[in-house]
Amino acid sequence: MTQKHSIKYLFSVLFLFFVFSSVNLFARHIGTGVYGISKVPIGDAADYFADALGGGLSFEFSLSEMFGETLRMEYCPIVPKNETITSAWQFTQFFGFWVSLPFAQTGFSFRPEVELGLIFQGVSLDKEYGELPKKAYVDFLFQFSPSLRFKNKKILDEQLEFEWSPIFSFVTQKRGGLAFLGIRLGLQYIFEI
Numbered sequence: 012m013t014q015k016h017s018i019k020y021l022f023s024v025l026f027l028f029f030v031f032s033s034v035n036l037f038a039r040h041i042g043t044g045v046y047g048i049s050k051v052p053i054g055d056a057a058d059y060f061a062d063a064l065g066g067g068l069s070f071e072f073s074l075s076e077m078f079g080e081t082l083r084m085e086y087c088p089i090v091p092k093n094e095t096i097t098s099a100w101q102f103t104q105f106f107g108f109w110v111s112l113p114f115a116q117t118g119f120s121f122r123p124e125v126e127l128g129l130i131f132q133g134v135s136l137d138k139e140y141g142e143l144p145k146k147a148y149v150d151f152l153f154q155f156s157p158s159l160r161f162k163n164k165k166i167l168d169e170q171l172e173f174e175w176s177p178i179f180s181f182v183t184q185k186r187g188g189l190a191f192l193g194i195r196l197g198l199q200y201i202f203e204i
């Protein structure tokens with residue numbers, strides 16, 4: 012990574028941290044959760060990788076139950092498809108904005124979320140392969156997740172939410188990018204302040 016790219020990533024992380032911290036000083040609802048994810052590559056990445064299965068942690072802050080922000084961290088080992096690749100992994104940190112649209116008194120809500128962040132990817136190769144040396148990479152990540160949430164005090168604890176969400180991730184790179192489709196399943200515990 013060049014010095015110019017290092018500075019760009021540093022300023023991006025600092026900017027996201029500043030936005031996330033300053034907005035959430037006034038949060039009335041704070042949530043923390045765990046989730047599992049499964050995703051498959053689409054496009055050119057499907058030639059090299061089969062799928063990824065991992066997990067993550069999420070932290071949510073909101074001024075109301077209608078909109079808010081999320082900070083996520085997740086790790087996924089990736090199953091290689093190409094015989095030259097012996098192993099691969101992804102670690103992501105991203106920040107998102109969401110809007111919650113409840114379905115009357117059913118306990119269900121539709122919650123689309125847009126997330127931006129950094130992805131750290133590592134690839135271990137059996138031998139040198141073209142322009143792909145043995146090392147880790149840092150790139151920008153865009154993710155969209157239109158989730159369905161369920162919260163019902165008769166079935167679950169009043170502060171516990173179940174989440175199911177399809178996810179679409181796009182990783183920017185010098186030459187195009189990588190795209191993944193997947194599913195996220197998780198539980199979120201909401202604290203009211």
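Each residue of the sequence shown is one higher than the one before, starting from 12 at the first, in the numbering used here. Beta carbons: idealized from backbone N, C-alpha and C, even for Gly.
key: For D62, the first and last residue of its enclosing beta strand (DSSP E)   = F60 to S73
query = In terms of DSSP beta bridges, what is I201 paired with?
reply = G42
query = Can you name, in chain order, every residue of its own chain whose Cβ lies under 7 Å from the Cβ of E85, other than the five neighbours on each side?
reply = I48, G65, G66, G67 and T103
inquiry  = Could you tell me the alpha carbon to alpha carbon distance between L192 and P52, rounded to whole angstroms?
reply    = 6 Å
request  = May I ask you to list the residues that DSSP assigns as paired with A115?
outcome  = None; A115 has no bridge partner.
message = Considering only their Cβ atoms, is the gap separating G133 from A147 smaller than 8 Å?
response = yes
ask   = Under three-state DSSP, which class holds D168?
value = coil
ask   = On the three-state DSSP scale, how would you describe G54?
value = helix
key: Inter-residue Cα distance where the pair is S176 and I41   = 20 Å
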